[in-house]
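**Student:** Can you keep this structure in mind? I'll have questions shortly.
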Amino acid sequence: MQPVHQPNDLIIYPSTKKTIGLVLAALVFVVLGIVFIGAGQSEEERSLALVAIGGVSVVFFGACLVYLVYRLFNRKPSLIVNDEGVVDHSSAIGGGELKWADIEEMMLYDYMGQRFIGIRLHDAETYLARQSGFKKALMKANQGLVQATVNITQTAVKMPLEELYALMMEKWERDRAGA
């Protein structure tokens, strides 16, 4: 895929409104984590469990907060769909560049109350081998939960997921018919 966008490329940016909502939610959990740490270290409580839960909350949601603030100010597209494939930067573990020929199956599914487009690849292991250590570990963990290597969530894109899925299926099937 070419880095220069073509006129028929579909370029989807993250929803600023949804990103702000996620920033606020992450901030709440960071603050709650700090409160748990403080409560767990108080004279009357002294709870290692509260400190541990608070620490995990601060680290995890703090990392989410940093990423979300970065996405809020970095106006890079979440997704680019064109005749050659998809470029996915919809999350911290976005799939990157995926050619239509590399895709085995695409599915629309719900998981834990969220809607996703799942992309299963012909050679997931080769694809995962190209990823960095932390990103690879997160992608493998995701793959263990759902049967897709790459997942695009509704919260990461402005366009309704059903419309995006239909458009992606159309381009993927056209590519398969031409191969």
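Here the working numbering is used: the first residue of the sequence shown is 196, the next is one more, and so on. Heads up, the beta-carbon is just placed ideally off N, CA and C, and yes, glycines get one too. Note that the structure is a prediction, hence the values are computed from the model and not measured.
Pop quiz: S286 and T211 are said to be a contact at Cβ under 8 Å. What is the actual Cβ separation, rounded to whole angstroms?
**Tutor:** No, S286 and T211 are not in contact; Cβ-Cβ is about 16 Å, not under 8 Å.
**Student:** Drop a sphere of 10 angstroms on the beta-carbon of L219, count the other beta-carbons inside from all chains shown, and report buried for 16 or more, exposed for fewer.
**Tutor:** Exposed: under 16 other Cβ atoms inside 10 Å.
**Student:** Put M354 into one of helix, strand or coil per three-state DSSP.
**Tutor:** DSSP places M354 in coil when its eight states are reduced to three.
**Student:** Buried or exposed: which applies to P355, given that a residue is buried once 16 or more other Cβ atoms fall within 10 Å of its Cβ?
**Tutor:** Counting Cβ neighbours within 10 Å, P355 comes out exposed, since fewer than 16 surround it.
**Student:** Taking only runs that begin and end inside the region 252-322, name each unbroken beta strand (DSSP E) of 3 or more residues, in chain order.
**Tutor:** Taking only runs of at least 3 residues, the beta strand (DSSP E) segments lying wholly in the region 252-322 are 274-276, 280-283, 291-294, 298-306 and 309-316.
**Student:** Tell me which residues share the same chain as L333 and place their Cβ nearer than 8 Å to its Cβ, disregarding the 5 neighbours each side in the sequence.
**Tutor:** If we look at L333 and ignore the five residues flanking it on each side, its Cβ neighbours are A287 and I288.
**Student:** Among the candidates A361, Y262 and I229, whose CA atom is the shortest distance from the CA of A247?
**Tutor:** Per the Cα distances, I229.
**Student:** If you follow the alpha helix (DSSP H) that N337 is part of, which residue opens it and which one closes it?
**Tutor:** From DSSP, the alpha helix (DSSP H) with N337 extends over G328 to L340.
**Student:** Under the rule that 16 or more other beta-carbon atoms within 10 Å means buried, what is R266, buried or exposed?
**Tutor:** Buried, because 16 or more other Cβ atoms sit within 10 Å of the Cβ of R266.
**Student:** Assuming N203 contacts D283 under a Cβ cut-off of 8 Å, what Cβ separation, rounded to an integer in Å, is found between them?
**Tutor:** Not confirmed; about 18 Å, so no contact.
**Student:** With a CB to CB cut of under 7 Å and the five nearest residues on each side skipped, what residues in its chain are close to K366?
**Tutor:** Cβ within range, chain order: V276, D278 and W295.
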